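Colleague: Under numbering that gives the first Met the number 0, the very last position in the sequence shown is 285; numbers go up by exactly one each time. Backbone N, C-alpha and C fix where the C-beta goes; we use that ideal spot for every residue, glycine too. Computed from a predicted structure; not experimentally measured.
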Amino acid sequence: MVPVPLGADRIFKMGSPESEWKRQKDEKLHEVKLSPYQISDAPITFYQFALFSEAIDRDLASQTPYWGRFGDHPMVSVSWNEAVEYANWLNGQKGRPPCYTIQKEKNSGIDNRVRLDSLKWKVDWDTTAKGFRLPTEAEWELAARGGVGAPRTLFAGSDTLDEVGWFWKNSGDTLLYGNWGMNRIYNNNGRTHAVKQKKDNGIGIYDMSGNVYEWCWDWYDADYYNKCYKKGVELNPRGAESSSYGRVIRGGSWFNKAEDCRTAYRGDFSPDVRYNPLGFRLVFVP
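1) Please classify residue 98: does DSSP put it in a helix, a strand, or coil?
2) Is there contact here, the region 252-270 with the region 204-217, by at least three beta-carbon pairs under 8 Å?
3) Alpha carbon to alpha carbon, how far is residue 227 from residue 185? Give it in angstroms, no decimals.
4) Taking buried to mean at least 16 other C-beta atoms within 10 Å of its own C-beta, is residue 289 buried or exposed?
5) Assign residue 239 to one of three DSSP states: helix, strand, or coil.
6) What are the start and end residues of the alpha helix (DSSP H) that includes residue 20?
7) Report the rounded CA-to-CA distance for residue 158 versus residue 238, giving the unit in angstroms.
8) Within this structure, are the beta carbons of residue 163 and residue 42 separated by less than 8 Å?
9) Taking the CB atoms as reference points, tell me whether residue 99 and residue 124 lie closer together than 8 Å.
10) In chain order, what are the residue ranges of uninterrupted alpha helix (DSSP H) at least 4 long that sit wholly in the region 218-280?
11) Closest to residue 93 by CA distance: which of 72, 78, 141, 51 is it?
12) Does the beta-carbon distance from residue 120 to residue 101 come in below 8 Å?
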């Protein structure tokens with residue numbers, strides 16, 4: 000785990016300036032103040048998640064594409080629900096209480112590789128709990144930027160994505176000929192790569208732009224940054240209380256265009272969905 004530098008006042012500007020390349024409307028610059036925390040230096044790997052799956056007797060192979068079944072590759076096809084369950088399990092392995100209370104109720108869902116199960120999950124976060132948990136969207140972004148006072152770059156640690164991340168242009172095998180455009184990912188075996196193969200972001204954190212999207216705690220709200228801006232400095236924001244959208248995902252993936260791998264880019268997915276580009280990392284509060 001890597002401590003994220005917070006500086007003297009612990010305040011940073013979250014979002015993107017209006018001049019940023021491929022900026023989206025949901026990236027309004029606003030000030031955020033965070034409490035001390037640490038973050039994984041890489042996404043949770045297939046090996047790490049396999050230990051959890053074995054402990055709870057879950058069939059991991061059925062939900063993971065063949066190209067993702069390498070111990071040092073980031074775990075993929077993992078839902079938000081599974082990510083919080085993993086965090087609780089890891090706290091238990093370390094002799095710590097869970098950060099989340101998870102309730103599962105019968106639902107009319109479908110049990111297959113895309114949807115986790117036929118249960119409806121209700122997850123509550125004990126914000127006073129110490130230990131391992133998903134990062135908030137603000138914690139994720141500050142870590143990706145290298146902490147308070149770090150040089151501001153388009154991607155996590157560089158203005159050139161190829162230096163720090165795997166995305167659709169470099170995630171597969173090189174073609175000898177052809178101009179495939181975005182379809183190239185289907186023609187050159189695009190996939191994840193072992194973690195920590197690209198440059199870090201300046202403070203020893205890897206793969207925060209590209210390789211896999213990463214789940215955050217927050218519900219997505221396209222107008223949330225505008226609301227924060229109007230309030231002034233936000234202390235430890237945790238996102239919208241609820242949303243008609245999904246949970247926030249950040250960082251882009253092997254599957255995405257460069258603009259989706261920008262440090263400021265925001266996306267979302269339903270928390271019960273498994274999808275090949277989706278992974279996660281954890282934060283730790285001592």
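Modeller: In brief:
1) coil
2) yes
3) Note that residue 185 has pLDDT 46, beneath the 50 cutoff, so the model's placement of it is unreliable and no number is given.
4) There is simply no residue 289 to check, as the chain begins at 0 and stops at 285 in what is shown.
5) strand
6) Taken as a continuous stretch (DSSP letters only), residue 20 belongs to no alpha helix (DSSP H), as it is neither H nor E.
7) 27 Å
8) Pairing residue 163 with residue 42 gives a Cβ-Cβ distance that is not under 8 Å.
9) yes
10) 223-230
11) 51
12) yes
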